[in-house]
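Peer 1:
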Amino acid sequence: MEEKKSVQHEAQPGVEKPKRSIKKCVKKFCKNKTNLAVLAVVIIALAAAGYFFLVKNKSTDLGQAAIKAKVENYVNTNLMQSGSKATVKDVTEEKGLYKVTLSIGSQDITTYVTKDGSEFFPQVLDTGKSLSQNQNGDQQQQQQQNVAVPKQDVPNVQLFVMSYCPYGTQTEKGIIPVVDALGSKIKFNIEFVDYSMHNDPANGDRKELDENLRQYCIEKNQPSKYLNYLSCFLKTQEPGQETACMASAGVDAAQVSSCASQTDAQYDVTKDLNDKSTWNGGQFPPFNVEKADNDKYNVQGSPTLVVNGTVVSPNRDPESLLQAICSGFNNQPEACKQKLSTTAPSPGFGGGTDSSGSGSSANCGS
């Protein structure tokens, strides 16, 4: 693999393998351990009272068309960010409920609703498992947060993302203030997951593949301009934003275009896009530009944060990210004592903060 330069950034002013649970894909559906326990208790209590079976067996059946409209309206009104939209792709009957497949961007998410439309289940617990088994994923997440990070004089920080993954962009927005604060005291690189979820090849859309190539080339050849470009890119999804952001960051667009073409050919990006036999699970085209590092750290999805060769999963607010990175110093600099924001940015593009409780668990991938 062509080696990309590690970037020692100086402080700058102002500046979606494919089988996924709903917990990892929708902002409002992500639950922390406490909420999961509460949800389990509620479901068990309803079952014990016979309420669930009463609803399932005796309620009015609205029919698939009405359920489709009702779920779409509910999700878009109550759960989606401004500018984002969910559509119901499929409604089928399963176990006395309607199984609803929601399409959000390029991601399909399975939910359930009672036939009368009165009860919506964004996440389903397996009643064949104990509460502790259902919580196993959250326990593993907490263990990851508490993992010990090896120490170095200059920590090496690698953030693996997909350029259009809402949780990758969330983490990028959270980590930029940290990189600004620590400056040249760390080596920091954005790297890309070795498959791409946010394209629509059937309609000629390969936006994420192209953006991955663009950012890879800017960071590789014009590293001092990369964070300025990225900060601009994360603000909006307006058409043509890439060109405008390159101009505002002073990026040599011709150099990026040449590099992107060469990298595309070297790593078969377009070739693999056109050959579905290479696709991840038959669903997503590969992006093998940084596959060696993906394999080295067993990267499964976006975002994945690696500090000194160790995968860590802090919350995505700047303060949590700062402390996770600072845990990798032999001797922490004064910059580690700064108090940054403890509020996570919103997933996706634009400003705002995260009120979904997605914490550090939601991602794009398996």
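In my numbering, each residue's number is its place in the sequence shown (first place is 1) plus 52.
We treat Cβ as the ideally placed atom computed from N, Cα and C, and that holds for glycine.
For the alpha helix (DSSP H) that contains Ala-301, what are its first and last residues?
Peer 2: As a first step, residue 301 must be located in the sequence shown, where it is residue number 249. Looking at the DSSP string, the run of the alpha helix (DSSP H) that includes Ala-301 is 293-301.
Peer 1: Please state whether DSSP places Ser-393 in a helix, a strand or coil.
Peer 2: The sequence position of residue 393 within the sequence shown is 341, counting from 1. Correct three-state label for Ser-393: coil.
Peer 1: Provide the residue span of the alpha helix (DSSP H) that contains Phe-285, from first to last.
Peer 2: If you number the sequence shown from 1, residue 285 lands on position 233. That run of the alpha helix (DSSP H) goes 278-285.
Peer 1: Which complete beta strand (DSSP E) runs does the region 294-366 hold, if anything under 3 residues is left out?
Peer 2: Those beta strand (DSSP E) runs which fall completely within the region 294-366 and span 3+ residues are 356-359, 362-364.
Peer 1: Answer with buried or exposed for Asn-125, where buried requires no fewer than 16 other C-beta atoms within 10 angstroms of its C-beta.
Peer 2: In the sequence shown, counting from the first residue as 1, residue 125 sits at position 73. By the neighbour-count rule (16 or more Cβ atoms within 10 Å), Asn-125 is not buried but exposed.
Peer 1: Is Gln-318 buried or exposed, if buried means 16 or more other CB atoms sit within 10 Å of its CB?
Peer 2: Stepping through the sequence shown from its first residue, residue 318 is reached at position 266. Exposed, because fewer than 16 other Cβ atoms sit within 10 Å of the Cβ of Gln-318.
Peer 1: Mapping the DSSP letters down to three states, classify Ala-138 as helix, strand or coil.
Peer 2: As a first step, residue 138 must be located in the sequence shown, where it is residue number 86. It is a strand residue.
Peer 1: Exposed or buried, which one is Glu-145 when buried takes at least 16 other CB atoms within 10 Å?
Peer 2: On the sequence shown, residue 145 is found 93 positions in, with the first residue counted as 1. Exposed: under 16 other Cβ atoms inside 10 Å.
Peer 1: According to DSSP, is Gly-371 helix, strand or coil?
Peer 2: On the sequence shown, residue 371 is found 319 positions in, with the first residue counted as 1. Here residue 371 is Glu; the residue named in the question, Gly, does not match the sequence. The answer is helix: DSSP assigns Glu-371 an H, G or I state.
Peer 1: Work out the CA separation of Tyr-164 and Ser-248 for me, nearest whole Å.
Peer 2: Reading the sequence shown from its first residue, position 196 is the one you call residue 248. Reading the sequence shown from its first residue, position 112 is the one you call residue 164. Using only the alpha carbons, I get a separation of about 28 Å.
Peer 1: Pairs of beta-carbons, one from the region 212-231 and one from the region 369-387, closer than 8 Å: are there three or more?
Peer 2: Touching, yes, given that three or more Cβ pairs across the two stretches are closer than 8 Å.
Peer 1: Run the CB neighbour count on Ser-379, radius 10 Å, all protein chains shown included, and call it buried at 16 or more, exposed below.
Peer 2: Taking the sequence shown and counting its residues from 1, one reaches residue 379 at position 327. Its Cβ being crowded by 16 or more others within 10 Å, Ser-379 is buried.
Peer 1: Residues in the same chain with beta-carbon distance under 6 Å from Leu-234, minus the five sequence neighbours each way, listed in chain order, please.
Peer 2: Your numbering for residue 234 matches position 182 in the sequence shown. If we look at Leu-234 and ignore the five residues flanking it on each side, its Cβ neighbours are Ala-387.
Peer 1: Just to confirm the assignment, what range does the beta strand (DSSP E) spanning Asn-273 have?
Peer 2: Counting from 1 along the sequence shown, the entry for residue 273 is found at position 221. Where Asn-273 is concerned, there is no enclosing beta strand (DSSP E), although the alpha helix (DSSP H) it sits in stretches over 259-273.
Peer 1: Would you mind sorting Ala-301 into buried or exposed? The rule is 16 or more other CB atoms within 10 Å of its CB.
Peer 2: Translated into the one-based positions of the sequence shown, residue 301 becomes position 249. It is buried - the Cβ of Ala-301 has at least 16 other Cβ atoms within 10 Å.
Peer 1: In the structure shown, what three-state DSSP assignment does Glu-224 receive?
Peer 2: On the sequence shown, position 172 is the one that residue 224 refers to. If DSSP states are grouped into helix, strand and coil, Glu-224 belongs with the helices.
Peer 1: Use the C-beta contact count for Asn-350: other C-beta atoms within 10 angstroms, 16 or more gives buried, fewer gives exposed.
Peer 2: Reading the sequence shown from its first residue, position 298 is the one you call residue 350. The residue is exposed, with fewer than 16 neighbouring Cβ atoms inside 10 Å.
Peer 1: DSSP three-state label for Gln-289, please.
Peer 2: Counted from its first residue, the sequence shown places residue 289 at position 237. Of the three classes helix, strand and coil, the one that applies to Gln-289 here is coil, per DSSP.
Peer 1: Which term fits Gln-307, buried or exposed, when burial requires 16 or more other beta carbons within 10 angstroms of its beta carbon?
Peer 2: Translated into the one-based positions of the sequence shown, residue 307 becomes position 255. Exposed is the call here.
Peer 1: What does a CB cutoff of less than 7 Å around Gly-402 pick up in its chain, not counting 5 residues either side in sequence?
Peer 2: For the purposes of this step, residue 402 is taken as the residue at position 350 of the sequence shown. Only Lys-287, Thr-288 meet the Cβ criterion.
Peer 1: Are the CB atoms of Cys-416 and Gly-353 within a distance shorter than 7 Å?
Peer 2: As a first step, residue 353 is located in the sequence shown; it is residue number 301 there, counting from the start. As a first step, residue 416 is located in the sequence shown; it is residue number 364 there, counting from the start. Against a cut-off of 7 Å, the Cβ pair of Cys-416 and Gly-353 comes out as a contact.
Peer 1: Just the C-alpha distance for Arg-258 and Thr-295, rounded to the nearest angstrom, thanks.
Peer 2: By 1-based counting over the sequence shown, the position of residue 258 is 206. By 1-based counting over the sequence shown, the position of residue 295 is 243. Distance between the alpha carbons of Arg-258 and Thr-295 is about 16 Å.
Peer 1: Would you report the Cα separation of Cys-311 and Thr-322, rounded to the nearest angstrom?
Peer 2: Numbered from its first residue, the sequence shown carries residue 311 at position 259. Numbered from its first residue, the sequence shown carries residue 322 at position 270. The straight-line gap from Cα to Cα measures roughly 14 Å.
Peer 1: Mind checking Thr-221: buried by the 16 CB within 10 Å criterion, or exposed?
Peer 2: Walking along the sequence shown from the start, residue 221 turns up at place 169. By the neighbour-count rule (16 or more Cβ atoms within 10 Å), Thr-221 is buried.
Peer 1: Please classify Gln-267: is it buried, with 16 or more other beta-carbons within 10 angstroms of its beta-carbon, or exposed?
Peer 2: Taking the sequence shown and counting its residues from 1, one reaches residue 267 at position 215. So Gln-267 counts as buried.
Peer 1: Give me the DSSP bridge partner(s) of Gly-417.
Peer 2: By 1-based counting over the sequence shown, the position of residue 417 is 365. DSSP, once it has assigned bridges, lists Gly-353 as partnering Gly-417.
Peer 1: The beta strand (DSSP E) spanning Thr-153 covers which residue range?
Peer 2: Here residue 153 is taken as the residue at index 101 of the sequence shown, counted from 1. Looking at the DSSP string, the run of the beta strand (DSSP E) that includes Thr-153 is 149-156.
Peer 1: Kindly indicate the opening and closing residues of the beta strand (DSSP E) around Ile-238.
Peer 2: In the sequence shown, counting from the first residue as 1, residue 238 sits at position 186. Premise fails: Ile-238 is in no beta strand (DSSP E) and is neither H nor E.
Peer 1: Taking just the CA atoms, how far does Leu-261 sit from Pro-338?
Peer 2: Along the sequence shown, read from residue 1 onward, the residue named residue 338 stands at position 286. Along the sequence shown, read from residue 1 onward, the residue named residue 261 stands at position 209. About 9 Å.
Peer 1: So if DSSP puts Tyr-219 in a beta bridge, which residue, or which two residues, is it bridged to?
Peer 2: In the sequence shown, counting from the first residue as 1, residue 219 sits at position 167. None; Tyr-219 has no bridge partner.
Peer 1: Could you name the residues of the same chain whose beta carbon sits closer than 7 Å to that of Asp-369, not counting the 5 residues immediately before and after it, in chain order?
Peer 2: By 1-based counting over the sequence shown, the position of residue 369 is 317. If we look at Asp-369 and ignore the five residues flanking it on each side, its Cβ neighbours are Gly-226, Ser-393, Thr-394, Thr-395, Ala-396.
Peer 1: Should Asn-360 and Val-199 be called a contact, given that it needs their Cβ atoms to be closer than 7 Å?
Peer 2: Reading the sequence shown from its first residue, position 308 is the one you call residue 360. Reading the sequence shown from its first residue, position 147 is the one you call residue 199. Contact: no.
Peer 1: Could you tell me the alpha carbon to alpha carbon distance between Val-364 and Lys-120, rounded to whole angstroms?
Peer 2: The residue you call residue 364 lines up with position 312 of the sequence shown. The residue you call residue 120 lines up with position 68 of the sequence shown. Rounded to whole angstroms, Val-364 to Lys-120 spans 39 Å at the Cα level.
Peer 1: So for Val-165, helix, strand or coil by DSSP?
Peer 2: Numbered from its first residue, the sequence shown carries residue 165 at position 113. In the structure shown, Val-165 sits in a strand (DSSP, three-state: E or B).
Peer 1: Would the beta-carbon of Pro-207 fall within 7 Å of that of Gly-400?
Peer 2: Taking the first residue of the sequence shown as position 1, residue 207 is located at position 155. Taking the first residue of the sequence shown as position 1, residue 400 is located at position 348. No.
Peer 1: Between Lys-122, Tyr-150, Lys-151, Ser-155, which has its C-alpha nearest Lys-137's C-alpha?
Peer 2: Position 85 of the sequence shown holds residue 137. Here the closest residue by C-alpha is Ser-155.
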